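Asker: Residue numbers (this note's numbering), protein chains in the order written: chain C, 18 to 234; chain F, 939 to 1026. Even for Gly, the Cβ is constructed at its ideal location relative to N, Cα and C. Predicted model only: the values in this text are computed from it and were never measured.
(1) In chain order, what residues of the region 84 to 116 of chain C put their CB closer than 9 Å to some CB of chain F?
(2) Please compile the residues from chain F whose C-beta is within a distance smaller than 8 Å of the C-beta of residue 173 of chain C.
(3) Give a yes or no on whether the C-beta atoms belonging to residue 78 of chain C and residue 59 of chain C are separated by under 8 Å.
(4) Output needed for residue 46 of chain C: all residues of its chain with C-beta closer than 7 Å, excluding positions within five of it in sequence on either side, in chain order.
(5) Of the residues C:100, C:88, C:90, C:80, which one's Cα is nearest the Cα of residue 116 of chain C?
(6) Look at the alpha carbon of residue 74 of chain C and the alpha carbon of residue 984 of chain F, and state the distance between them as a whole number of angstroms.
(7) Can you list, in chain order, the stretches of the alpha helix (DSSP H) that have 4 or more residues and sit fully within the region 82 to 128 of chain C?
(8) Hey, out of F:1000, F:1022, F:1026, F:1017, whose CA is closest to residue 964 of chain F's CA?
(9) Within 8 Å (strictly less), CB to CB, does residue 994 of chain F reach chain C?
(10) Roughly how many angstroms lie between the CA atoms of residue 181 of chain C and residue 215 of chain C, to the nearest whole one?
(11) Does any residue of chain C bring its CB to less than 8 Å from the CB of residue 1008 of chain F?
(12) By the DSSP assignment, the alpha helix (DSSP H) with residue 976 of chain F in it spans what residues?
(13) For residue 40 of chain C and residue 63 of chain C, I'd like the C-alpha separation in whole angstroms.
(14) According to DSSP, which residues form a beta bridge with residue 25 of chain C?
(15) To the nearest angstrom, how far is the alpha carbon of residue 1020 of chain F from that of residue 126 of chain C?
(16) For the region 26 to 37 of chain C, which residues have a beta carbon sitting closer than 8 Å to at least one beta carbon of chain F?
(17) Tell me whether residue 203 of chain C sits in a helix, a strand or coil according to DSSP, three-state version.
(18) Establish whether the CB of residue 61 of chain C and some CB of chain F are separated by less than 8 Å.
(19) Cutting at 8 Å between CB atoms, please list the residues of its own chain near residue 85 of chain C, excluding the five before and the five after it.
(20) What does residue 979 of chain F touch in chain C if you count any residue whose Cβ is under 8 Å from its own?
(21) If I follow the unbroken alpha helix (DSSP H) through residue 177 of chain C, where does it start and stop?
(22) Name, in chain order, the residues that DSSP records as bridge partners for residue 1002 of chain F.
(23) Relative to the alpha-carbon of residue 69 of chain C, which residue among C:202, C:184, C:118, C:103 has its alpha-carbon at the smallest distance?
(24) Taking just the CA atoms, how far does residue 32 of chain C sit from residue 211 of chain C?
(25) Determine the burial state of residue 987 of chain F: buried for a count of at least 16 other Cβ atoms within 10 Å of its Cβ, exposed for fewer.
(26) Out of C:54, C:57, C:100, which has the shortest C-alpha to C-alpha gap to residue 28 of chain C?
(27) Can you tell me where the alpha helix (DSSP H) with residue 47 of chain C in it begins and where it stops?
(28) Quick one: using the 10 Å Cβ neighbour count with 16 as the cut-off for buried, is residue 1024 of chain F buried or exposed?
(29) Would you kindly check if the distance between the Cβ of residue 76 of chain C and the Cβ of residue 26 of chain C is under 8 Å?
(30) Would you kindly work out how many angstroms separate the C-alpha atoms of residue 22 of chain C and residue 1014 of chain F, rounded to a whole number?
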């Protein structure tokens, strides 16, 4: 039993259902040839690194399948070459490490992607719309992450949190975060929570790194 | 006047220290290089999208060859560019 994966780019200009039928046609072809389809990865519309056939984006699909022998490969490649809907394709035989990598990736064990996926799913349960905390001057993506982990998930939460609370969250995150001053964060978050974006922006202009410089001067 | 303790800050103490390069694939036990992961592969190409040599990345020969194959596959699928400027 050999495991292969074939990645192909479908023309994005086609109507949505035709893209699906194009992808399904190749799954059918493989099944008719007696292949066992392990997984179909619908990566979806992506920007191309360089234009192909005057298109700047393409719909990526990856089919991973097992077959007893490789006779199906020339057949599917010929079909793809003849198919105008397919812009590019690449078929690759997976070694045992490749098979394991793809398994792990599906189970969310690989690196950053895994933690992101887990985090998203976890948050969805408790919270529907997560506010973008990084819009607060002084809060970067990492600090926003810290806050969310500590249970401060929305502008409202930041607005209601005391400065001491925020400071303790930061210092728990490590010494590199302890230097950040959350003094104005609740004030900014309150404006954001009320939807007063214009006022927030004018306030942010006065601030650098979340600290009010105008008062000190 | 500078005391004896200050003298060490007058020149960068790290100059001349050799940081030993290592093969990250061997060190972290990465056995498979995914050609569909552009963020990972950009670590092995320069700003023009050219492959970096082993003497810079520190990869072992075995994995440098695999990196090269993965980058070439990614280029074919328009995941990485063949030629560009300001990739990073």
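Answerer: Looking at the coordinates:
(1) 104, 105, 106, 107, 109, 111, 112, 113, 114, 115, 116
(2) Ordered by position in chain F, no residue passes the 8 Å Cβ test against residue 173 of chain C, which lies about 34 Å from the chain.
(3) yes
(4) 93, 96
(5) C:80
(6) 24 Å
(7) 89 to 99, 113 to 123
(8) F:1000
(9) no
(10) 27 Å
(11) no
(12) 976 to 979
(13) 16 Å
(14) C:78, C:106
(15) 31 Å
(16) 26
(17) helix
(18) no
(19) 18, 19, 51
(20) By Cβ distance, chain C contributes nothing, its closest Cβ being about 11 Å from residue 979 of chain F, past 8 Å.
(21) 172 to 177
(22) None; residue 1002 of chain F has no bridge partner.
(23) C:103
(24) 41 Å
(25) buried
(26) C:100
(27) 33 to 49
(28) exposed
(29) yes
(30) 15 Å
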